[in-house]
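Visitor: Letter by letter, the sequence shown follows residues 4 to 190 of the working numbering.
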Amino acid sequence: MTMHSPGGDHVASFYHLRGGALAEAQGCQGLACFAARHDDPATWQSAQQEPRLYCLGQCDRGPATTATLPASRKHRIVRCQARTPVLLERIVAGGARDLGRYRSLGGGRALEAALKLPPQELLRLVDNAGLRGRGGAGFPAGRKWAAVAQQRSVAKYVVANADEGDPGAYCDRVLIEEDPFRLIEGM
Numbered sequence: 004m005t006m007h008s009p010g011g012d013h014v015a016s017f018y019h020l021r022g023g024a025l026a027e028a029q030g031c032q033g034l035a036c037f038a039a040r041h042d043d044p045a046t047w048q049s050a051q052q053e054p055r056l057y058c059l060g061q062c063d064r065g066p067a068t069t070a071t072l073p074a075s076r077k078h079r080i081v082r083c084q085a086r087t088p089v090l091l092e093r094i095v096a097g098g099a100r101d102l103g104r105y106r107s108l109g110g111g112r113a114l115e116a117a118l119k120l121p122p123q124e125l126l127r128l129v130d131n132a133g134l135r136g137r138g139g140a141g142f143p144a145g146r147k148w149a150a151v152a153q154q155r156s157v158a159k160y161v162v163a164n165a166d167e168g169d170p171g172a173y174c175d176r177v178l179i180e181e182d183p184f185r186l187i188e189g190m
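So, in structure tokens, the structure goes:
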């Protein structure tokens with residue numbers, strides 16, 4: 004995540020930019036902004052300044068700059084080309100930031116179904132589905148769940164690391180902000 008110092012003129016994150024002054028309206032050269040460069044060529048041109056800036060945490064709004072986004076670009080543009088969206092279904096429908104909306108759009112059904120299954124059957128289904136973590140390693144969820152189930156401890160904890168501290172790695176930010184109960188239900 005990129006954070007600015009209290010004075011607002013220095014980057015307080017990402018090692019190569021620590022303490023470096025940023026130009027006003029400096030553009031991001033991160034991968035998402037690069038991919039969106041044709042949507043706003045003038046903004047992309049501002050990314051050619053030094054020091055180079057590789058992530059502003061606004062990958063869903065690329066190309067992004069250090070300046071406040073114009074009103075016309077404040078809302079996320081989410082498009083889904085799949086016939087039946089799965090991960091993005093509620094986001095395409097406008098998001099589900101509160102529990103009532105989440106439930107009205109079908110949220111909670113998977114948890115209800117999972118709670119009706121014997122634990123070993125649920126583990127088998129997760130393993131057979133081939134689900135993988137969303138981190139870079141894509142660790143098999145079935146293996147992780149089985150390892151946790153085998154532990155004798157009564158108290159067990161689930162941790163969702165949503166830091167996404169690598170430049171250009173804000174791929175899940177929109178999911179967490181616009182459909183937070185999906186993350187909770189999945190956990």
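Ideal Cβ positions, reconstructed from N, Cα and C, are used throughout, including at glycine. The structure displayed is predicted, hence computed values, not measured ones.
Closest to G145 by C-alpha separation, out of Q153, G133, S156 and R137, would be which residue?
Guide: Of Q153, G133, S156 and R137, the residue nearest in Cα terms is G133.
Visitor: G33 and S49 - do their beta-carbons sit closer together than 9 Å?
Guide: Their beta carbons are not under 9 Å apart, which means S49 does not touch G33 by this criterion.
Visitor: Taking H41 as the reference, which of Y105, G65 and L90 has the closest Cα?
Guide: The shortest C-alpha separation from H41 is found at G65.
Visitor: Could you spell out where the alpha helix (DSSP H) holding L114 opens and where it closes?
Guide: Its alpha helix (DSSP H) spans residues R112 to L118.
Visitor: Could you tell me the alpha carbon to alpha carbon distance between L90 and E53, rounded to whole angstroms?
Guide: Approximately 37 Å between the Cα atoms of the pair.
Visitor: Can you tell me where the alpha helix (DSSP H) holding Y105 begins and where it ends?
Guide: Y105 -> alpha helix (DSSP H) spans L102 to S107.
Visitor: When we look at the beta-carbon of Y160 and count the other beta-carbons within 10 Å, is it buried (16 or more) or exposed?
Guide: Under this definition Y160 is an exposed residue.
Visitor: In terms of alpha-carbon separation, which member of C36, G189 and W47 lies closest to R137?
Guide: Measuring from the Cα of R137, the nearest candidate turns out to be G189.
Visitor: Who are the Cβ neighbours of A140 in its own chain at under 8 Å, not counting the five residues just before and after it?
Guide: Cβ within range, chain order: n/a, list empty.
Visitor: Which value, in whole angstroms, describes the spacing of the CA atoms of A149 and P122?
Guide: Going from the Cα of A149 to the Cα of P122 covers about 10 Å.
Visitor: By how many angstroms is the C-alpha of C58 removed from the C-alpha of L126?
Guide: Distance between the alpha carbons of L126 and C58: 38 Å.
Visitor: Whether or not the region 103-115 and the region 180-188 are in contact is what I'm after, with contact meaning three or more pairs of Cβ atoms, one per stretch, closer than 8 Å; do they touch?
Guide: The region 180-188 is in contact with the region 103-115.
Visitor: Are the beta-carbon atoms belonging to R176 and C36 less than 9 Å from one another?
Guide: For R176 and C36, no; Cβs fall outside 9 Å.
Visitor: Quick one, which of V157, A165 and R82 has its alpha-carbon nearest G98's?
Guide: When each option's Cα is compared against that of G98, the closest is R82.
Visitor: Classify L56 as buried or exposed, calling it buried when 16 or more other Cβ atoms lie within 10 Å of its own Cβ.
Guide: Buried.
Visitor: From what residue to what residue does the alpha helix (DSSP H) around Q48 run?
Guide: Start and end: P44 to Q48.
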